Amino acid sequence: MAIRDKAVDAEFREVGPEKLGADMLREEKLEPILDGILDRYGYDFRDYARPSLDRRIKAFMKSEEIPSLGGFKERILAAQECMQRFLLTMSVSVTSMFRDPEFYVGFRRDIIPVLRTYPFIRIWHAGCSTGQEVYSMAILLAEEGLYDRCRIYATDMDESALRKARDGIFSLQAMRKYTANYIQAEGKKSFSDYYTAKYNSAIVNSSLRKNIVFGHHNLVSDGSFNEFQVIFCRNVLIFFNSRLQERVLELIHQSLGMFGYLGLGAKESVSLGGYEGCFQELDAKHRLYRKIA
Ligand SMILES: C[S@@+](CC[C@H](N)C(=O)[O-])C[C@H]1O[C@@H](n2cnc3c(N)ncnc32)[C@H](O)[C@@H]1O
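Using the numbering used here, read the sequence shown as starting at 541 and increasing by one per residue.
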């Protein structure tokens, strides 16, 4: 069953009562537009969860002052820049360092001791957004003395998010919130050891970036590109319908070595794609799994 994230829904509630008409985004009207976007740009949104897809399209039309779905189709298929802006609306990049701090407590407690026995560790962050999750992992691995034997692959479909991720520059205001998360995640040092502050920004230490490879990967259309010991795909499945959730879990299953670890978001689970039998649930609360079949 596809699930919906209340937080995601809330984000678009601000759009307010729609002048656009309740039945405007009916399946038969939207399908040809999504087909057109796929043909013209190669982005496939047909299996994104409908309620949040509808809200995002409405929000986009409102911000671009497009009065009708016909106008949306015309504009998006005619102008690449319009598609670029639409992609930004479609990529909900909300993230933070040490998001759900207890998840990292569980990861450190249950998974790090096993990873310590591996000579080399490949990690994939699928849907890494602007990189905060990736740098959290890098910090944790550095504190456990494992960073130098890791290679971290961090991917997203959103190029602008990837650019920010590569830069590793975050506002000091955000860093204050991340510091609180880091402490709750039982970080071992002072969080400020991991960045240099300049004006109102913080730049992540280059020692944390050297083993990270950022790259474009679309979970809808791209395949497996390596075998990993750990995959994080957190807070991404919530945007997809059940068919796409199943496809992505299949891709993750293929890409994970036997006994590899999977971390999902707080509202996600392997049962979404019917993959319960292939994964052992290590920690139900924090959505940590191990591939067993
Ligand atoms: C809410 S963020 C999650 C970021 C991070 N994993 C976390 O939990 O904080 C969702 C990310 O999924 C990405 N995403 C959405 N659809 C995708 C797709 N088809 N392929 C790859 N990434 C996708 C978005 O661009 C966005 O950066």
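Cβ coordinates follow ideal geometry from the N, Cα and C atoms, glycine included.
Model, not experiment: these values are computed from the prediction.
Proximal residues to residue i (C-beta, below 8 Å), its chain only, five neighbours per side dropped
i: residue 650; result: 822, 823, 828
i: residue 768; result: 662, 663, 664, 693, 795, 796, 797, 800
i: residue 766; result: 662, 664, 693, 795
i: residue 562; result: Interpretation of residue 562 is limited by its pLDDT of 48, a score under 50 that renders its predicted location unreliable; no figure is taken from the coordinates.
i: residue 683; result: 727, 728, 729
Nearest candidate by alpha-carbon position, reference residue i, set the options
i: residue 596; options: 632, 614, 617; result: 632
i: residue 737; options: 710, 585, 579; result: 710
i: residue 801; options: 653, 703, 630; result: 653
i: residue 671; options: 786, 604, 718, 645; result: 718
i: residue 838; options: 831, 805, 826, 808; result: Outside the displayed range of the chain (541 to 833) lies residue 838, so it cannot be described from this structure.
i: residue 764; options: 646, 788, 716, 749; result: 788
i: residue 704; options: 600, 685, 674; result: 674
i: residue 668; options: 603, 658, 659, 701; result: 701
i: residue 666; options: 699, 623, 757; result: 757
i: residue 640; options: 720, 716, 603, 753; result: 720
i: residue 783; options: 747, 588, 578, 572; result: 588
i: residue 806; options: 785, 571, 775; result: 775
i: residue 570; options: 607, 613, 583; result: 613
i: residue 759; options: 780, 629, 742; result: 780
i: residue 714; options: 636, 754, 777, 773; result: 636
Where residue i sits in the DSSP three-state scheme
i: residue 605; result: coil
i: residue 837; result: For the chain, the structure presents residues 541 to 833; residue 837 sits outside this window and is missing.
i: residue 651; result: helix
i: residue 815; result: coil
i: residue 801; result: strand
i: residue 767; result: coil
i: residue 574; result: helix
i: residue 594; result: helix
i: residue 558; result: Unreliable positioning characterises residue 558 in this predicted model, as indicated by a pLDDT of 43, which lies under 50. A coordinate reading is not provided.
i: residue 822; result: strand
i: residue 722; result: helix
i: residue 583; result: coil
i: residue 490; result: Absent from the model: residue 490. The displayed extent of the chain is 541 to 833, so no value can be given.
i: residue 638; result: coil
Residue i - containing beta strand (DSSP E), residue span
i: residue 738; result: 735 to 738
i: residue 744; result: 741 to 744
i: residue 668; result: Neither: residue 668 is in no beta strand (DSSP E) and is coded neither H nor E.
i: residue 831; result: 828 to 831
i: residue 711; result: 709 to 711
Ligand 2 heavy atom lying under 7 Å from the CB of residue i
i: residue 603; result: Ligand 2 is not among the ligands present in this structure, which contains only ligand 1.
Close Cβ partners of residue i (< 7 Å) along its chain, the five nearest in sequence each way excluded
i: residue 580; result: 617
i: residue 574; result: 585, 586
i: residue 644; result: 638, 676, 680, 725
i: residue 815; result: 789, 793
i: residue 825; result: none
Close beta carbons around residue i, own chain, < 6 Å, minus the five adjacent residues each side
i: residue 734; result: 679, 745
i: residue 576; result: 617
i: residue 771; result: 664, 792, 796, 802
i: residue 691; result: 662, 751
i: residue 722; result: 638, 731
i: residue 557; result: Model confidence at residue 557 stands at a pLDDT of 32, short of 50, so the residue's coordinates are unreliable and nothing is read from them.
Run of the alpha helix (DSSP H) containing residue i, from where it starts to where it stops
i: residue 643; result: 641 to 646
i: residue 695; result: Where residue 695 is concerned, there is no enclosing alpha helix (DSSP H), although the beta strand (DSSP E) it sits in stretches over 690 to 696.
i: residue 753; result: No alpha helix (DSSP H) holds residue 753; the beta strand (DSSP E) holding it covers 752 to 756.
i: residue 792; result: 782 to 795
Minimum Cβ-Cβ distance from residue i to chain B less than 8 Å
i: residue 669; result: This model lacks chain B altogether, as it is built from one protein chain only.
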